[in-house]
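Asks:
There are 2 protein chains.
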Amino acid sequence: MKRTALVGHLDASHQNQTVTLQGWVNRRRDLGGLIFIELRDRSGIVQVQVEPDSPAFAEADRLRAEYVAEIEGRFQMRPEAQRKGGLADYEVIASRVKVLNAAKTPPFELDKGGEVSEDLRLKYRYLDLRRSDMQRALLLRSKAVTAVTEFLDAEGFAQIETPMLTKSTPEGARDFLVPSRLNPGEFYALPQSPQLFKQLLMISGFDRYYQLARCFRDEDLRADRQPDFTQLDMELSFVEQDDVLELQERLLAHVFKKVLGHDLPTPFPRMSYHEAMDLYGSDKPDLRFGSRFVDVTELFRGGEFKAFASAQTVKVLVAPELTRKQIDELERVAKQNGAGGLAWLKRDGDGFTGGISKFVGGIAAPLIEQTGVEQGGTLLFAAGEWKKAVTALGAVRLSLRDLFDLAADGPRFHVSWVVDFPQLEFDEESQTWTYMHHPFTAPHPDDVALFGTERQGEMRAQAYDLVLNGFEIGGGSIRIHDPEVQAKMFSAIGFSEAAAREKFGFFLDALEYGTPPHGGIAWGFDRLLMLMSGASSIREVIAFPKNNRGADLMAEAPSPVEDAQLAEVGVAVRGEN
Amino acid sequence: MKRTALVGHLDASHQNQTVTLQGWVNRRRDLGGLIFIELRDRSGIVQVQVEPDSPAFAEADRLRAEYVAEIEGRFQMRPEAQRKGGLADYEVIASRVKVLNAAKTPPFELDKGGEVSEDLRLKYRYLDLRRSDMQRALLLRSKAVTAVTEFLDAEGFAQIETPMLTKSTPEGARDFLVPSRLNPGEFYALPQSPQLFKQLLMISGFDRYYQLARCFRDEDLRADRQPDFTQLDMELSFVEQDDVLELQERLLAHVFKKVLGHDLPTPFPRMSYHEAMDLYGSDKPDLRFGSRFVDVTELFRGGEFKAFASAQTVKVLVAPELTRKQIDELERVAKQNGAGGLAWLKRDGDGFTGGISKFVGGIAAPLIEQTGVEQGGTLLFAAGEWKKAVTALGAVRLSLRDLFDLAADGPRFHVSWVVDFPQLEFDEESQTWTYMHHPFTAPHPDDVALFGTERQGEMRAQAYDLVLNGFEIGGGSIRIHDPEVQAKMFSAIGFSEAAAREKFGFFLDALEYGTPPHGGIAWGFDRLLMLMSGASSIREVIAFPKNNRGADLMAEAPSPVEDAQLAEVGVAVRGEN
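Protein chains in written order, with the working numbering: chain F, 1 to 577; chain L, 1001 to 1577.
(1) Give the straight-line distance between the Cα atoms of L/Gln1047 and L/Thr1230, rounded to the nearest whole angstrom.
(2) Just to confirm my understanding: we take F/Asn577, look at its own chain, exclude 5 residues before and 5 after, and list those with CB closer than 6 Å. What are they?
(3) Closer than 9 Å, CB to CB, is F/Asn16 near chain L or not?
(4) Identify whether L/Val1068 lies in helix, strand or coil by the three-state DSSP scheme.
(5) For the candidate residues L/Ala1572, L/Arg1574, L/Glu1249, L/Ala1557, whose alpha-carbon lies nearest to that of L/Pro1123?
(6) So the beta strand (DSSP E) L/Gly1394 belongs to, where does it begin and stop?
(7) Which chain F residues sit within Cβ distance under 9 Å of L/Arg1029?
(8) By how many angstroms is the C-alpha of L/Val1419 removed from the C-alpha of F/Asp11?
(9) Can you list the residues of chain F that L/Phe1176 reaches, using a CB-CB cut of under 7 Å?
(10) May I ask which residues mark the beginning and end of the beta strand (DSSP E) holding F/Asp409?
(11) Using DSSP bridges, identify the partner residues of F/Glu235.
(12) Cβ atoms of F/Val50 and F/Arg74: under 9 Å apart, would you say?
(13) Between F/Ala343 and the ligand SAM, is the CB less than 8 Å from at least one heavy atom?
(14) When the Cα of F/Phe352 is compared with those of F/Leu379, F/Asp328, F/Glu246, which residue comes out closest?
(15) Run through DSSP, which three-state label would F/Asp350 get?
(16) At a cut of 8 Å, does the stretch 1223-1243 of chain L reach the stretch 1544-1557 of chain L through at least three beta carbon pairs?
(17) With a CB to CB cut of under 7 Å and the five nearest residues on each side skipped, what residues in its chain are close to F/Ile542?
(18) Listed from N- to C-terminal order along the chain, which residues in the stretch 204-233 of chain F have their beta-carbon within a distance smaller than 7 Å of any beta-carbon of chain C?
(19) Using a Cβ cut-off of 7 Å, pull out every chain L residue sitting near F/Asp41, in sequence order please.
(20) What are the boundary residues of the beta strand (DSSP E) that includes L/Gln1049?
(21) Express the C-alpha separation of L/Lys1198 and L/Leu1424 in angstroms, rounding to a whole number.
(22) Just checking, does the stretch 1434-1441 of chain L make contact with the stretch 1243-1254 of chain L on the three C-beta pairs under 8 Å criterion?
(23) For the stretch 358-373 of chain F against the stretch 303-321 of chain F, are there 3 or more C-beta pairs whose distance is under 8 Å?
(24) Give me the subset of the stretch 386-412 of chain F whose CB atoms are less than 7 Å from a CB atom of chain L, sorted by chain position.
(25) Is DSSP giving L/Asn1577 helix, strand or coil here?
(26) Among residues of its own chain, excluding the 5 on either side of F/Asp563, which ones have a beta-carbon nearer than 6 Å to its beta-carbon?
(27) For chain F, is any of its Cβ atoms less than 9 Å away from the one on L/Glu1540?
(28) Three Cβ pairs or more, each shorter than 8 Å: is that satisfied between the stretch 1509-1518 of chain L and the stretch 55-74 of chain F?
(29) Enumerate in chain order the residues of its own chain whose CB-to-CB distance from F/Ser43 is below 8 Å, with the five nearest sequence positions on each side excluded.
(30) Determine the burial state of L/Asp1350: buried for a count of at least 16 other Cβ atoms within 10 Å of its Cβ, exposed for fewer.
(31) Of all the CB atoms in chain F, is at least one closer than 9 Å to the CB of L/Trp1024?
(32) On the criterion of 16 or more Cβ atoms from any shown chain inside 10 Å, does L/Ala1088 qualify as buried, or is it exposed?
(33) Assign F/Met1 to one of two classes, buried (16 or more other C-beta atoms within 10 Å of its C-beta) or exposed (fewer than that).
(34) Closer than 9 Å, Cβ to any Cβ of chain L: which residues of the stretch 342-373 of chain F, in chain order?
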């Protein structure tokens, strides 16, 4: 027998028709001599009723939770006015039931999957994936892939696969290594990103490339990370930054519309890195809510409160009325993020109490005026070196968001660009200048002249990050295609020509054979889908993820292997050969 | 400046318009004081003319082969009647030229790329990829991906990614291993295929899954293989074999139509494994041409020629007139493929000369009648155990094809199914029964009763291969979902329950929790694209392939790594720690 419909596609057009359905027993109940079966497939759940005198009754009586069944029956739908919004609004009166397969009792109740330990869910992932949340998330992800493919194809992008077994480089994160059997003592690395290959494709003249690329970084997995993850990777030739940004805006809006039916307003607001840090203390500010910092450096300059009097920066964040306990917690956050402490004030009439109130008598009025703090409200301060101060206060801002659900009144999705990242960063530890993303990022054309001057720290890169609800969901840049600019860049970060060649060998060769102006971006596809589906972890949008020890609890990977296997590929477990 | 068109998109609508183009200098010629530039982008080549008094002349004079340039000028197209089909039919009279980047002289002439050594091409792959053959092949591949995506999405398939870091299993080919830093002494394996995971997705209820999956097998690369390759992987629930085959036919026809504009007739012819072997000596017969074997076992039975008189099988292949040297070469092929020799006859009037002619005096007439061999034509024989005989003669058949270009008169593409593979094979070496693909392949329902009987070698599997022009481009099966059948299968191949559990652990658990009937297929995507693009190697449809030592000659992978890197992941090069 063939199924005639997925259960979720049953509608008025099937009224009183005989339908054949196939799926899983979501639940069985016996009531008044009847058997009620909730039959589930990937499209939804429908209620099936088996009457005691039905020829289907004996077979239906065998059904237990998670059995696989084929059910034929008459579809009935209550008149619209009588529907109560439950499963009984629609039902199938079974005339034939066939058990297609039995099932053991699952180790956890599927509709309580959200409550059991994640380890148990991961061990029985194939059952966990039956839950409607997981089905929805992975089907949504699939739709997003289709939406991306159709959009980029129409825009003239070629989908090209780049190597999975490539060369280990000393740059960036730690590589996963793969011993080569044919070349004993040598190793491949799994790709951290297709960065060099996609630039080579531009040198090859492919003009517009994209790929949903699996990438690998052997990092510690404390945060919400996976050892392998998926990047939507793109590169375009003969473009400037605005071209890339404009195309991304249309692409993301297309994906949101096709997948969620959600209209994303374009163009996305753009904010410089400096502005984002200065106002929100983050290079990926959550703009679903306000809570901008107010700069009160000048107000405190040379004043009574010595800690602020000569500070490079004094920023203040306006908060609602806070308990002492809440302030302590926020101070802990500030300290964790590099602040020495968290000065505070509570507004009381025309002045302040608590915290550093004894030092602000003289500036209470302008402080109230500049911050707009309301009666009973709290001011939270960070002061000192600019970047340190805003970073710490940025973390406090996010804690306030979580504490008071500040994002709840904002838009469901807020997308923005952060642009004009610094071309060079000064690394305090090594006391040298270094690059922020990679040494092929092009500087802003107006700033090239600053290379090698004492103002080179002010240089802006043609780099951009795509930010959604406080998460970086994409990042990219225009790349250097001019050998002279490349030489200046290497010189600025203290790479001799020999050192550059050693690190980037064949790629520097390639750059000399006719490189077009080009730039691109990579989206963190897992994270984007996590946000689109409203999940709290990327593990909720990956079918078979690793846990935070890098282990697949279901397949039991990684695992020890036979020594003979290791011998074949020319390696041994350390200390054992 | 923005480009106004790709050069390949210039047409009558641009006549006398000013266009801006960007691309590479394919060639520069100076003629009669003018400079002629062939400007190339991914869409094609256009001729640009720069006149001596043009303001663009000085900059144009800087251009050399492979320079990147932006050119503005007036587009001119000859009247249709005057076109000669060359580049001069269309030209751009340059008014502005800008060198966007210089280029060193390439190490080989791009339009002679087909003639230089493959090693040189692979070392400078970014230049090799500029050649029109490579551009065409990779753009065709990209189109195929889009066609697959749109078709399967419309058919309700979900695209789901399966793990890249998984468990090493003793089955199948050799695994690539990845040491785990977080779990020292333990290893991941790169996936040989998503087989188990896609079956788990069916158990999870996803109903229809697909993925363009990167797969890894650490095999010797003598044949046209890559250590990593791409599979179009699919699985469907609640289906029977015909459902899978019918869908594949529509999918492949869609891909050929969208990508090549080629109509592939459906349904594809189906042939049993036994018939394919018996008539063509191959389980992936090239059906663009005939040359079926003729069975003459009975004709020789008990006859004069002792070598054939009691043979299980005597097959004959009809060939054109062959020289002695050609026959010797074909005999070498037959021997390489398991035959003891290659008996032959040349038709001469109503009889035969040469080869075994002195033994066939009495059966010349029926031999001519049954084979239809023409005057001067050759008969080539293989005899002995059926499978050995047909296999050897199948190889001879393909050599004849290559020798006489027999496929040239056939259709450009011939697609067929080979079905009814044996469920079990007898392994002479270990004297045990074993499975042909994997132990989860379902037997034909009519044959299940043969398990454990002396006729179990006759059991047909519900397995199918998709064959294009003599290449297997896909293979799959209906899977076992009934635990009783699974137990019989394990028993037939001599696996105890404990042994089965040890090898397939978590997967056997999963099968018990409500497994729907399901089946699927995997296409060798690289090979399909090779055939569609008319290339002679899969390396011609892969952007950055490895050579036959598994090496990337451009990136220089694999390579030695620092011992500190190895120490971090807990391994050492064998014999060195």
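Note that beta-carbon positions come from the ideal geometry of N, C-alpha and C, so glycine has one too.
Replies: In brief:
(1) For L/Gln1047 and L/Thr1230, the gap between their C-alpha atoms comes out near 38 Å.
(2) With a pLDDT of 46 at F/Asn577, under the threshold of 50, the modelled position of this residue cannot be trusted; read the value that follows with caution. For F/Asn577, there are no CB contacts under 6 Å within the same chain when 5 residues up- and downstream are skipped.
(3) Output row for F/Asn16: interface = no.
(4) Residue state, collapsed to three classes: strand.
(5) Sequence inspection shows Lys at residue 1123 of chain L; the Pro mentioned does not correspond to that position. Cα-wise, what sits closest to L/Lys1123 is L/Ala1557.
(6) No beta strand (DSSP E) holds L/Gly1394; the alpha helix (DSSP H) holding it covers 1386-1404.
(7) Ordered by position in chain F, no residue passes the 9 Å Cβ test against L/Arg1029, which lies about 18 Å from the chain.
(8) Those two C-alpha atoms are separated by around 39 Å.
(9) Under the 7 Å cutoff, chain F gives Val178.
(10) Careful: F/Asp409 lies outside any beta strand (DSSP E) and carries neither H nor E.
(11) Under DSSP, F/Glu235 forms a beta bridge with F/Tyr209, F/Gly520.
(12) Pairing F/Arg74 with F/Val50 gives a Cβ-Cβ distance that is not under 9 Å.
(13) By its list of ligands, the structure shown contains no ligand whatsoever, and the ligand SAM lies outside what it can speak to.
(14) For F/Phe352, the nearest C-alpha among the options comes from F/Leu379.
(15) It is coil, neither helix nor strand.
(16) With a cut-off of 8 Å, the stretch 1544-1557 of chain L and the stretch 1223-1243 of chain L count as touching, because enough Cβ pairs lie within range.
(17) In the same chain as F/Ile542, and ignoring 5 residues on each side of it, the C-beta atoms closer than 7 Å to its own belong to Gln226, Asp526, in chain order.
(18) Reference to chain C is not applicable here, since the protein chains of this structure are F and L.
(19) Within chain L, the residues near F/Asp41 are Gly1205, Asp1207.
(20) It spans 1044-1050 - the beta strand (DSSP E) in which L/Gln1049 sits, taken as one unbroken run.
(21) Distance between the alpha carbons of L/Leu1424 and L/Lys1198 is about 23 Å.
(22) The stretch 1434-1441 of chain L is not in contact with the stretch 1243-1254 of chain L.
(23) Contact holds: three or more Cβ-Cβ distances are below 8 Å.
(24) Answer set for the stretch 386-412 of chain F: empty.
(25) With a pLDDT of 46 at L/Asn1577, under the threshold of 50, the modelled position of this residue cannot be trusted; read the value that follows with caution. Three-state result, L/Asn1577: coil.
(26) Here the set comprises nothing.
(27) False, the Cβ-Cβ gap to chain F never drops below 9 Å.
(28) These segments touch.
(29) Closer than 8 Å at Cβ, skipping near neighbours: Leu6, Val7, Gly8, His9.
(30) Exposure of L/Asp1350 is indicated by the presence of fewer than 16 other C-beta atoms within 10 angstroms of its C-beta.
(31) With a threshold of 9 Å between beta carbons, L/Trp1024 makes contact with chain F.
(32) Residue environment: L/Ala1088 is assigned as exposed (fewer than 16 neighbouring CB atoms within 10 Å of its CB, all protein chains considered).
(33) With fewer than 16 other Cβ atoms within 10 Å, it is exposed.
(34) Within the stretch 342-373 of chain F, no residue has a Cβ that lies closer than 9 Å to any Cβ of chain L.
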